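Engineer:
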Amino acid sequence: GIIILLEPLSGDEPSGGITLSSNDPWTPLSIVDFTSDVRALAVSSRLLKPVWQDEVEPGEALTVIVTPAPLVEVEHGTLYFRETGSATWQQLTLSPSLDDFIAIIPGEYITEAGLDYYIEVENTPVISTDPPGAPVDSIFSVYVRPPEWVETRPLVNSGEGFMTGRQIQVLLTFDAGTLIQTGTLYFRKGGDIDFLSSPVDIGSDPPSALVPDTMVTPAGVEYWLEINTLTSRLTDPVTGPENDPDQIIVTVPDLRETSSWPGGHYRMASIPLVFGEEFSGTVEALLSDQQAFGPYDPVKWRSFIYSSESMRYIELVEDETGLFNPVAGKGFWLVCRSDASIKTAPVTGYSVPTDDCQDILLSPGWNQVGNPFTFDVPWDSVLVDSFSMVEAEGVLVDPPVGFDGVTYTTDHSVIEPFNAYWIRNNSDSEVTLHIPPCREKSLLDQRTEKGPVASACLPEWDWRCSLRVSCTNSVDEMNVFGMNSEALQGADRLDRYEPPLAPGRSISLYFVDSVDDAAVRLLSTDARNDDGEKNDGATGDNSGMWFFDVAKNYSSSTAGDPVEIKLAWLEGAAPDLRLILVDRILGEIVDLRDTGEYNFLLGVKDQTSSIDDARFVILVGNEELADSTGLLPVPPTKTSLIGNYPNPFNPSTRIRFDLVEKARVRLDIFDVRGRLVATPLDRTMTAGRKEIDWTAADRNGEPLASGVYFCRLTAGRVVETRKMVLLR
Numbered sequence: 014g015i016i017i018l019l020e021p022l023s024g025d026e027p028s029g030g031i032t033l034s035s036n037d038p039w040t041p042l043s044i045v046d047f048t049s050d051v052r053a054l055a056v057s058s059r060l061l062k063p064v065w066q067d068e069v070e071p072g073e074a075l076t077v078i079v080t081p082a083p084l085v086e087v088e089h090g091t092l093y094f095r096e097t098g099s100a101t102w103q104q105l106t107l108s109p110s111l112d113d114f115i116a117i118i119p120g121e122y123i124t125e126a127g128l129d130y131y132i133e134v135e136n137t138p139v140i141s142t143d144p145p146g147a148p149v150d151s152i153f154s155v156y157v158r159p160p161e162w163v164e165t166r167p168l169v170n171s172g173e174g175f176m177t178g179r180q181i182q183v184l185l186t187f188d189a190g191t192l193i194q195t196g197t198l199y200f201r202k203g204g205d206i207d208f209l210s211s212p213v214d215i216g217s218d219p220p221s222a223l224v225p226d227t228m229v230t231p232a233g234v235e236y237w238l239e240i241n242t243l244t245s246r247l248t249d250p251v252t253g254p255e256n257d258p259d260q261i262i263v264t265v266p267d268l269r270e271t272s273s274w275p276g277g278h279y280r281m282a283s284i285p286l287v288f289g290e291e292f293s294g295t296v297e298a299l300l301s302d303q304q305a306f307g308p309y310d311p312v313k314w315r316s317f318i319y320s321s322e323s324m325r326y327i328e329l330v331e332d333e334t335g336l337f338n339p340v341a342g343k344g345f346w347l348v349c350r351s352d353a354s355i356k357t358a359p360v361t362g363y364s365v366p367t368d369d370c371q372d373i374l375l376s377p378g379w380n381q382v383g384n385p386f387t388f389d390v391p392w393d394s395v396l397v398d399s400f401s402m403v404e405a406e407g408v409l410v411d412p413p414v415g416f417d418g419v420t421y422t423t424d425h426s427v428i429e430p431f432n433a434y435w436i437r438n439n440s441d442s443e444v445t446l447h448i449p450p451c452r453e454k455s456l457l458d459q460r461t462e463k464g465p466v467a468s469a470c471l472p473e474w475d476w477r478c479s480l481r482v483s484c485t486n487s488v489d490e491m492n493v494f495g496m497n498s499e500a501l502q503g504a505d506r507l508d509r510y511e512p513p514l515a516p517g518r519s520i521s522l523y524f525v526d527s528v529d530d531a532a533v534r535l536l537s538t539d540a541r542n543d544d545g546e547k548n549d550g551a552t553g554d555n556s557g558m559w560f561f562d563v564a565k566n567y568s569s570s571t572a573g574d575p576v577e578i579k580l581a582w583l584e585g586a587a588p589d590l591r592l593i594l595v596d597r598i599l600g601e602i603v604d605l606r607d608t609g610e611y612n613f614l615l616g617v618k619d620q621t622s623s624i625d626d627a628r629f630v631i632l633v634g635n636e637e638l639a640d641s642t643g644l645l646p647v648p649p650t651k652t653s654l655i656g657n658y659p660n661p662f663n664p665s666t667r668i669r670f671d672l673v674e675k676a677r678v679r680l681d682i683f684d685v686r687g688r689l690v691a692t693p694l695d696r697t698m699t700a701g702r703k704e705i706d707w708t709a710a711d712r713n714g715e716p717l718a719s720g721v722y723f724c725r726l727t728a729g730r731v732v733e734t735r736k737m738v739l740l741r
């Protein structure tokens with residue numbers, strides 16, 4: 014017999030017969046059937062993952078299980094793997110696990126590029142692969158889920174957070190297995206429109222980018238990130254990053270105005286910073302370290318805030334409720350004897366958040382509102398509750414009124430940092446002012462997705478006139494009246510309310526308006542129409558009448574101060590239209606188109622609350638209209654010396670007298686001995702009630718002593734005398 018020994022040399026299972034070759038001449042070749050327990054070196058491999066999952070998670074270790082075919086023995090094996098597209102194979106030794114072999118591919122190799130792998134097993138000397146023919150003819154390929162997110166983390170640049178003037182490093186974290194190809198960090202100052210950019214250093218660990226020091230300002234920093242990976246474009250924030258970027262709140266050790274305001278002049282101010290819980294002081298705590306201010310001293314500097322509830326000013330020394338605690342968007346009055354500017358050091362503040370509007374609650378009536386940001390904000394980008402400014406202005410709120418140190422100002426297209434403004438809530442309930450963090454209105458359009466907010470287009474006036482009132486260095490130029498076809502009965506969006514008198518030495522001209530039983534309104538702009546609407550019944554020919562008065566919060570003398578009402582400008586009026594000013598106290602009547610001005614004396618006078626108490630009327634039209642109103646004063650029936658006020662006086666007094674007709678008028682002052690000491694008036698005057706201011710001085714300008722004096726009026730044939738008492 015013949016014994017045949019077989020040793021497998023390949024991974025295939027032997028089959029068929031064995032052909033024997035011999036020297037037997039009769040049967041040199043013979044085929045012998047045989048049976049063998051030799052099996053093919055076959056294995057199957059699979060990934061340890063749910064069967065329904067077509068992809069694997071990036072960055073997560075992947076377990077490969079290798080199972081030999083039945084009755085197949087495997088001595089050892091190797092797992093070969095690589096990122097899809099790589100030329101280099103990594104390898105892991107298979108580890109026995111019960112009847113199987115396993116290998117775990119580290120998560121760092123499971124990337125968005127995908128995974129290729131194959132198995133090689135050996136039963137010496139036979140070697141086999143799964144899949145067969147690997148790696149030349151075939152391999153296993155695994156789809157890895159693409160990266161879905163990237164996030165940024167700015168690193169603080171000081172022990173106090175993100176300090177102004179220092180660069181900020183922004184670190185990236187992202188989905189495991191992400192292969193960044195390029196990256197860009199976009200950044201801008203808070204409120205800016207355009208972004209600047211810097212590249213991401215993808216070679217650093219972790220990848221990072223820099224915000225330069227010049228962009229780290231008290232306005233804060235806004236930024237967003239874009240990276241391009243092997244398979245994806247990712248941003249942080251995920252959606253709409255250009256319109257809704259991330260922000261960095263910047264630490265501000267010293268916020269300073271770029272210019273100062275002159276000493277002795279009031280201003281409305283605000284401080285566009287947020288102060289942390291570590292600071293609970295008032296405006297005084299912010300300013301007291303500055304040489305121009307120091308501890309609160311009303312002789313050196315003063316500060317006031319208007320209370321909408323009590324409709325009066327509250328001084329800093331009266332504050333017991335934290336009213337003067339600095340809050341971004343809150344306005345207050347400030348005056349200093351010397352030139353000064355606002356500086357916040359040594360108190361540390363923080364940039365105001367720019368990720369959304371800053372909301373300011375407006376009480377009914379007047380409110381002092383500051384720009385909460387360190388950059389200009391367009392007024393027409395501001396919202397009132399849910400209304401755009403084109404809808405709200407003149408209805409819910411009046412536009413901002415500023416103060417230039419002398420007089421109130423209007424036409425503010427932007428609200429500026431460090432400044433505050435009067436903003437009136439015209440409704441009977443609180444409304445919210447939403448001030449957007451944008452230097453240009455187009456940014457608001459992008460952020461709110463409300464579309465463009467057009468500027469308010471008010472109708473053209475038929476004609477209008479401006480009056481200017483002044484007394485020494487006090488001026489009010491914000492007084493307009495006229496005809497407009499769109500004017501309504503009662504309040505309309507053309508009217509503007511008169512703000513409260515500024516503290517210090519201030520003067521205010523205001524129109525007094527009331528319709529039916531409605532409350533009296535004090536206006537700086539009063540529009541009427543030519544159909545009798547809000548025109549006291551006067552119709553046609555652009556006729557009408559306006560009641561007005563003048564308020565003043567100071568007096569340089571007991572007799573009052575000289576005040577001038579001047580026709581500042583007149584637009585659109587017909588050449589024959591008369592502007593007749595009537596002084597209802599003195600009975601004076603002047604046509605401002607002829608004289609251009611009117612002068613009178615006025616001491617301290619509060620605002621009136623009644624049309625009947627308004628001192629002046631402007632009658633617009635012809636003489637017949639003026640006569641028909643019944644408002645013209647009754648002319649004097651006789652010439653007489655009314656007397657002086659105040660009496661006793663020091664050092665000045667106001668002398669009044671009536672003239673029944675035009676005459677030469679002389680006023681002489683005598684002492685108790687009958688000596689003539691002064692002649693304050695000697696000239697021709699028209700008929701009517703007159704008044705002059707006399708400061709107790711002799712003909713050489715020397716002050717007179719206390720005592721009794723006599724004033725003698727000589728007008729034509731009339732001579733009258735009154736006693737006066739000077740008390741120094």
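Note that this note's numbering numbers the sequence shown so that position 195 is 208, with each residue one more than the last.
C-beta atoms are modelled at their ideal positions from N, C-alpha and C, and glycine is treated no differently.
Please read these numbers as outputs of a predicted model, since none were measured by experiment.
1) What are the complete alpha helix (DSSP H) segments, minimum 4 residues, inside the stretch 376–444?
2) Measuring only the C-alpha atoms, how far is residue 70 from residue 102?
3) Indicate, with yes or no, if the ligand HEM has a heavy atom lying under 7 Å from the CB of residue 527.
4) Since residue 406 and residue 506 should fall inside the 8 Å C-beta cutoff, what is the C-beta to C-beta distance between them, to a whole number of angstroms?
5) Whose C-alpha, out of 86, 737 and 517, is nearest the C-alpha of residue 664?
6) Is residue 245 near residue 354, with beta carbons less than 8 Å apart?
7) Where does the unbroken beta strand (DSSP E) through residue 113 begin, and where does it stop?
8) Three or more beta-carbon pairs under 8 Å between the stretch 290–299 and the stretch 388–396, yes or no?
9) Here's a check: name, in chain order, each residue in its chain whose Cβ is nearer than 8 Å to the Cβ of residue 221, leaving out the five neighbours to either side.
10) Quick one: which unbroken beta strand (DSSP E) runs of 3-plus residues sit fully inside the stretch 34–90? Chain order, please.
11) What first and last residue would you give for the alpha helix (DSSP H) that runs through residue 473?
12) Please name the residue, chosen from 230, 251 and 226, that lies closest to residue 3 on a Cα-to-Cα basis.
13) If I'm right that residue 632 touches residue 603 with Cβ under 8 Å, what's the distance once you round it to whole angstroms?
14) By DSSP, does residue 309 sit in helix, in strand, or in coil?
15) I need the boundaries of the alpha helix (DSSP H) containing residue 161, first residue and last residue.
16) Less than 8 Å between the beta carbons of residue 679 and residue 695, yes or no?
17) Check the DSSP bridge columns for residue 657 and list the partner residues they point to.
18) Output the residue ranges of the alpha helix (DSSP H) runs that lie fully inside the stretch 287–334 and measure 4 residues or longer, sorted by chain position.
19) Count Cβ pairs between the stretch 264–271 and the stretch 319–328 that sit closer than 8 Å; are there 3 or more?
20) To the nearest angstrom, how far is it from the Cα of residue 152 to the Cα of residue 100?
21) Per the DSSP calculation, residue 697 is bridged to which residue(s)?
22) Which residues bound the beta strand (DSSP E) around residue 541?
23) Assess contact between the stretch 477–487 and the stretch 578–590, defined as three or more Cβ pairs (one per stretch) separated by less than 8 Å. Is contact present?
24) Using 8 Å as the threshold, is the C-beta distance between residue 568 and residue 616 below it?
25) In whole angstroms, what is the alpha-carbon distance linking residue 456 and residue 256?
26) Could you have a look at residue 491 and say whether DSSP puts it in helix, strand or coil?
27) Specify the secondary structure class of residue 122 as computed by DSSP and reduced to three states.
28) Taking 8 Å as the cut-off, decide whether the C-beta atoms of residue 287 and residue 199 are in contact.
29) So, residue 671 versus residue 655, is the Cβ gap smaller than 8 Å?
30) I'd like to confirm the pairing. Which residues does DSSP put opposite residue 447 in its beta bridges?
31) When the Cα of residue 135 is compared with those of 435, 117, 92 and 32, which residue comes out closest?
32) Please state whether DSSP places residue 592 in a helix, a strand or coil.
33) Say whether the stretch 406–418 touches the stretch 165–174, bearing in mind that this needs 3 or more beta-carbon pairs closer than 8 Å, one atom from each stretch.
34) With burial defined as no fewer than 16 other Cβ atoms inside 10 Å of the residue's Cβ, what is the status of residue 371: buried or exposed?
35) Is DSSP giving residue 201 helix, strand or coil here?
36) Counting C-beta neighbours from all protein chains within 10 Å, is the total for residue 619 16 or more, i.e. buried, or is it exposed?
Structural biologist: In terms of the structure at hand:
1) 402–405
2) Across the structure, residue 70 and residue 102 are spaced so that their CA atoms are roughly 21 Å apart.
3) This structure lacks the ligand HEM; in fact it carries no ligand of any kind.
4) At roughly 7 Å, the Cβ-Cβ gap stays under 8 Å, so residue 406 and residue 506 are in contact.
5) 737
6) no
7) 113–118
8) no
9) 182, 183, 184, 185, 213 and 214
10) 42–46, 56–60 and 75–81
11) Neither: residue 473 is in no alpha helix (DSSP H) and is coded neither H nor E.
12) Any question about residue 3 goes unanswered here, given that the chain covers just 14 to 741.
13) With 8 Å as the limit, residue 632 and residue 603 do not qualify as a contact, their Cβ atoms being about 11 Å apart.
14) coil
15) No alpha helix (DSSP H) contains residue 161, which DSSP labels as neither H nor E.
16) Yes, the Cβ-Cβ distance between residue 679 and residue 695 is below 8 Å.
17) 668
18) 296–300
19) no
20) Using only the alpha carbons, I get a separation of about 13 Å.
21) 677
22) 534–541
23) yes
24) yes
25) Here residue 456 scores only 47 on pLDDT, less than 50, and its place in the model is too uncertain to base an answer on.
26) Coil at residue 491, not helix or strand.
27) Helix.
28) It is not a contact, given that the beta carbons lie outside the stated cut-off.
29) yes
30) DSSP, once it has assigned bridges, lists 372 and 396 as partnering residue 447.
31) 92
32) strand
33) no
34) buried
35) strand
36) exposed
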